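Below: one structure, written as structure tokens.
Protein chains: 2
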Amino acid sequence: MARLLTLIENQTQEGLDGLAALYPHTGRAHVVGITGAPGTGKSTLVNELARAFRGNPEDDQRAAAPTVAIVAVDPSSPFSGGAILGDRIRMRDLSGDPGVFIRSMASRGALGGLARGTAGVVQALDAAGYDKILIETVGAGQAEVDIARAAHTTLVVAAPGLGDDVQALKAGILEIADILVVNKADLPGADSTQSALRATLEMAHPDGGGLATAGHHAMVEEQPAPAEGWAVPVLATAAIKGDGVEALAKAIEDHRGYLIESGELAQRERARVRAEMESLLRDLLAERFLLRQSEARFEEALEKVITRSIDPRRAVSQLVLEAQAEA
Amino acid sequence: MARLLTLIENQTQEGLDGLAALYPHTGRAHVVGITGAPGTGKSTLVNELARAFRGNPEDDQRAAAPTVAIVAVDPSSPFSGGAILGDRIRMRDLSGDPGVFIRSMASRGALGGLARGTAGVVQALDAAGYDKILIETVGAGQAEVDIARAAHTTLVVAAPGLGDDVQALKAGILEIADILVVNKADLPGADSTQSALRATLEMAHPDGGGLATAGHHAMVEEQPAPAEGWAVPVLATAAIKGDGVEALAKAIEDHRGYLIESGELAQRERARVRAEMESLLRDLLAERFLLRQSEARFEEALEKVITRSIDPRRAVSQLVLEAQAEA
Chain A
1 MARLLTLIEN QTQEGLDGLA ALYPHTGRAH VVGITGAPGT GKSTLVNELA RAFRGNPEDD
61 QRAAAPTVAI VAVDPSSPFS GGAILGDRIR MRDLSGDPGV FIRSMASRGA LGGLARGTAG
121 VVQALDAAGY DKILIETVGA GQAEVDIARA AHTTLVVAAP GLGDDVQALK AGILEIADIL
181 VVNKADLPGA DSTQSALRAT LEMAHPDGGG LATAGHHAMV EEQPAPAEGW AVPVLATAAI
241 KGDGVEALAK AIEDHRGYLI ESGELAQRER ARVRAEMESL LRDLLAERFL LRQSEARFEE
301 ALEKVITRSI DPRRAVSQLV LEAQAEA
Chain B
1001 MARLLTLIEN QTQEGLDGLA ALYPHTGRAH VVGITGAPGT GKSTLVNELA RAFRGNPEDD
1061 QRAAAPTVAI VAVDPSSPFS GGAILGDRIR MRDLSGDPGV FIRSMASRGA LGGLARGTAG
1121 VVQALDAAGY DKILIETVGA GQAEVDIARA AHTTLVVAAP GLGDDVQALK AGILEIADIL
1181 VVNKADLPGA DSTQSALRAT LEMAHPDGGG LATAGHHAMV EEQPAPAEGW AVPVLATAAI
1241 KGDGVEALAK AIEDHRGYLI ESGELAQRER ARVRAEMESL LRDLLAERFL LRQSEARFEE
1301 ALEKVITRSI DPRRAVSQLV LEAQAEA
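From first to last, the protein sequence lines stand for chains A and B. Following our numbering, the numbering of the first sequence begins with 1 at its first residue and continues without gaps. Following our numbering, the numbering of the second sequence begins with 1001 at its first residue and continues without gaps.
This is how it looks when you write it as structure tokens:
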């Protein structure tokens, strides 16, 4: 499994072929995205969530508990070895439970590469039969939003002292949250963080419903915003002590039920597949074009743009028109 | 100017035409990217940096001081109005100085849209003759890395209590830093944050040089890593009091001198233009393809992928092959 995931993550031909073969078996897992600023204790929370889903190891019923895969999207530097070290530390925490699989993804150089690699790994884990797939992303950037968008249920994690000021708004990912979590709730200021987040939610949604008002939806094309009718809960946890994690696991289950009943799950799935196909189309067309094009011609155009004798957009248009005329 | 920037940010035809007309006048400005986690006081630091570059308002020499444009890439939600409010607050700080221009960008839904809009706005400000363009991004995600990559000089900002643990590594943007800043240096723990960052840098680069060892460079394709021979400084500032900001402004100037002398500036520019052209090529080809394609056919393929009767990659290949056969 680990080897296949590496092939998929690196987008090798073998990995892509494997993914194509697995594709018919996907679509069963509940994919949960967990994001938030550094320092909010997301890794610990994700580990404890996995434990909560798995239940008591002494329990005879454990065979019936959902299996869990954790995908940690960790932008650690390639030279730090952070991803591998992180896996080892986590493995120790959850060791001995064959119902839990952990995988870290290192950030790659190219925009979109990380999101695509993660999507492939999630599909493979889905096909392999994991019931819950927890994707943990560090940070609050656009790529994190895109990765969260691939999830069915998105948690945004805050912590006291980080999330109780205007930064909570600035983090700008409140609007993708299905569930808000104030972790490290045993620290001072947790209550005010929770209140601030509630106030922010209420400001945005005075109707008390979900975040997707019609007007907002129209501005953010194709983005499957949290469904109307789902009131985003703000939950407190102290993951390091295990406090509040059971309630969070229940809220995640509740959200899944809501998605299925409301038909929102099918809508989100459609938007996700459409975005994936459009992205693949872009890559395939560009790859085919550059293969047929002489490299010298692209370099010539590049040189003209660098010397400012033509703007990049017109240079690219000309390349495409010339290629068309020759075809 | 503000109207033109809006047209460019929204990628309207008028904006794109304006950008093409301005393009020959670009390439003069020094573009500085400032990034880091929320809560590190980046906005205050950027304001104070602008003030440091501008010099004393009473000074007769001010006419000779560099002009400054600030581009704040603010992922505030579209409904919060955060970007506009932010501009007003900042305008008050730097008010009355016609040599400073401030522009906030709101995050858009589409991956890459924000990076592209920001690049266009920076080009327009460059053509308009601003000497220093400060791009401030919130967060530590992939999109921030990409935006930083478009800058000549990249600052990564940390703060005590946020950056002094393993999260500093996890933020994973150390490797794009030309200059590291510990802001809020008047708070307890600033020294240990600075030491931790220095230790991290030394671990990564035991030779004491820049971050771009040959092995590392090879792993991160096309990414213009910080140049060899530039020793990344770790500077302390307390922007709210103005402490250390002059020294930071000087380090930014030093880095610019280094880039020019070493030839690294030209290399970074070439990598940036190549990436921009490849991205434009992807978009143009996909747009042309979808225009010629019947919408029904794409929807049909989408349906097949959703029902798992074909995988997305093969579905897209088939669409392209069918279109080619018909042409």
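Using N, Cα and C, we set each Cβ at its ideal position, and we do this for glycine too. As the structure is a prediction and not an experimental result, all values here were calculated from the model.
Could you give the C-beta distance for residue i and residue j, rounded to a whole number, given that I count them as a contact under 8 Å?
i: Phe1289 of chain B; j: Leu281 of chain A; result: 7 Å
i: Thr1137 of chain B; j: Val1073 of chain B; result: 5 Å
i: Ile252 of chain A; j: Ile179 of chain A; result: 7 Å
i: Leu45 of chain A; j: Thr237 of chain A; result: 6 Å
i: Val401 of chain A; j: Ile34 of chain A; result: Outside the modelled stretch of chain A, which goes from 1 to 327, sits residue 401 of chain A, for which no answer is possible.
i: Ala1037 of chain B; j: Ala37 of chain A; result: 6 Å
Indicate the three-state DSSP secondary structure (helix, strand or coil) for residue i in the structure shown.
i: His152 of chain A; result: coil
i: Glu1136 of chain B; result: strand
i: Val1181 of chain B; result: strand
i: Thr1035 of chain B; result: strand
i: Leu1022 of chain B; result: helix
i: Met105 of chain A; result: strand
i: Ile1070 of chain B; result: strand
i: Arg3 of chain A; result: helix
i: Ala1323 of chain B; result: helix
i: Leu1187 of chain B; result: coil
i: Val1232 of chain B; result: coil
i: Asp60 of chain A; result: helix
i: Asp254 of chain A; result: helix
i: Ala158 of chain A; result: strand
i: Ala1128 of chain B; result: coil
i: Asp1243 of chain B; result: strand
i: Ala238 of chain A; result: strand
When you compare only the Cα positions, how much space is there between residue i and residue j?
i: Glu1202 of chain B; j: Leu1187 of chain B; result: 24 Å
i: His1152 of chain B; j: Leu1259 of chain B; result: 8 Å
i: Ala271 of chain A; j: Thr1307 of chain B; result: 14 Å
i: Leu1285 of chain B; j: Ser294 of chain A; result: 17 Å
i: Val1273 of chain B; j: Arg1028 of chain B; result: 15 Å
i: Asp126 of chain A; j: Glu261 of chain A; result: 21 Å
i: Asn1047 of chain B; j: Pro312 of chain A; result: 32 Å
i: Ala1119 of chain B; j: Ala1150 of chain B; result: 7 Å
i: Gly244 of chain A; j: Leu155 of chain A; result: 14 Å
i: Leu229 of chain A; j: Ile176 of chain A; result: What sits at residue 229 of chain A in the sequence shown is Gly, not Leu. About 15 Å.
i: Glu58 of chain A; j: Ser43 of chain A; result: 24 Å
i: His1025 of chain B; j: Leu1049 of chain B; result: 25 Å
i: Gln1011 of chain B; j: Arg103 of chain A; result: 38 Å
i: Asp17 of chain A; j: Glu276 of chain A; result: 17 Å
i: His242 of chain A; j: Arg51 of chain A; result: As written in the sequence, residue 242 of chain A is Gly, which differs from the His given in the question. When rounded, the distance between both Cα atoms is 10 Å.
i: Leu5 of chain A; j: Ile240 of chain A; result: 30 Å
i: Glu326 of chain A; j: Val305 of chain A; result: 23 Å
i: Ala1065 of chain B; j: Val1071 of chain B; result: 19 Å
i: Glu9 of chain A; j: Arg3 of chain A; result: 10 Å
i: Val316 of chain A; j: Leu248 of chain A; result: 50 Å
i: Glu287 of chain A; j: Asp1060 of chain B; result: 56 Å
i: Arg314 of chain A; j: Leu302 of chain A; result: 11 Å
i: Thr200 of chain A; j: Glu300 of chain A; result: 52 Å
i: Asp1283 of chain B; j: Gly263 of chain A; result: 32 Å
i: Gly55 of chain A; j: Leu19 of chain A; result: 31 Å
i: Ala334 of chain A; j: Ile135 of chain A; result: The question about residue 334 of chain A has no answer here: the residues shown for chain A are numbered 1 through 327.
i: Pro1098 of chain B; j: Ala296 of chain A; result: 45 Å
i: Gly1041 of chain B; j: Asp1254 of chain B; result: 23 Å
Skipping 5 residues on each side, what residues in its chain have a beta carbon closer than 6 Å to that of residue i?
i: Arg411 of chain A; result: With chain A covering 1 to 327 only, the question about residue 411 of chain A has no answer from this structure.
i: Leu7 of chain A; result: Glu14 and Gly15
i: Glu1246 of chain B; result: Ala1052
Leaving out five residues on either side along the sequence, give the residues of the same chain with a beta carbon under 7 Å from the beta carbon of residue i.
i: Tyr1130 of chain B; result: Ala1029, Thr1067, Val1068, Ala1069 and Phe1101
i: Leu265 of chain A; result: His152 and Leu259
i: Leu1022 of chain B; result: Gln1123, Ala1124 and Ala1127
Taking 8 Å as the limit between beta carbons, can you name the residues of its chain near residue i, skipping five residues before and five after?
i: Phe1298 of chain B; result: Leu1290 and Leu1319
i: Ala323 of chain A; result: Phe289, Arg292 and Gln293
i: Pro1160 of chain B; result: Val1182, Lys1184, Ala1185, Leu1187, Pro1188, Gly1189, Ala1190, Ser1192 and Thr1193
By the 9 Å beta-carbon criterion, what residues does the stretch 179 to 190 of chain A contribute toward chain B? Across the stretch 179 to 190 of chain A, no CB contact with chain B closer than 9 Å is found for any residue.
Report the residues of the stretch 256 to 282 of chain A with a CB closer than 9 Å to any CB of chain B, ordered along the chain. For the stretch 256 to 282 of chain A, residues whose beta-carbon sits nearer than 9 Å to a beta-carbon of chain B comprise Ala266, Glu269, Arg270, Val273, Arg274, Ala275, Glu276, Met277, Glu278, Ser279, Leu280, Leu281 and Arg282.
Listed in chain order, which residues of the stretch 1016 to 1029 of chain B have Cβ atoms closer than 9 Å to some Cβ of chain A? Residues passing the 9 Å Cβ filter: Leu1016, Leu1019, Ala1020, Ala1021, Leu1022, Tyr1023, Pro1024, His1025, Thr1026 and Gly1027.
Of all the residues that make up the stretch 1041 to 1054 of chain B, which are near chain A by a beta-carbon distance shorter than 7 Å? None of the residues of the stretch 1041 to 1054 of chain B has a beta carbon lying less than 7 Å from any beta carbon of chain A.
Closer than 9 Å between beta carbons: that is the criterion. Which residues of the stretch 1310 to 1321 of chain B meet it against chain A? Of all residues in the stretch 1310 to 1321 of chain B, Ile1310, Asp1311, Pro1312, Arg1313, Arg1314, Ala1315, Val1316, Ser1317, Leu1319 and Val1320 have a Cβ within less than 9 Å of some Cβ in chain A.
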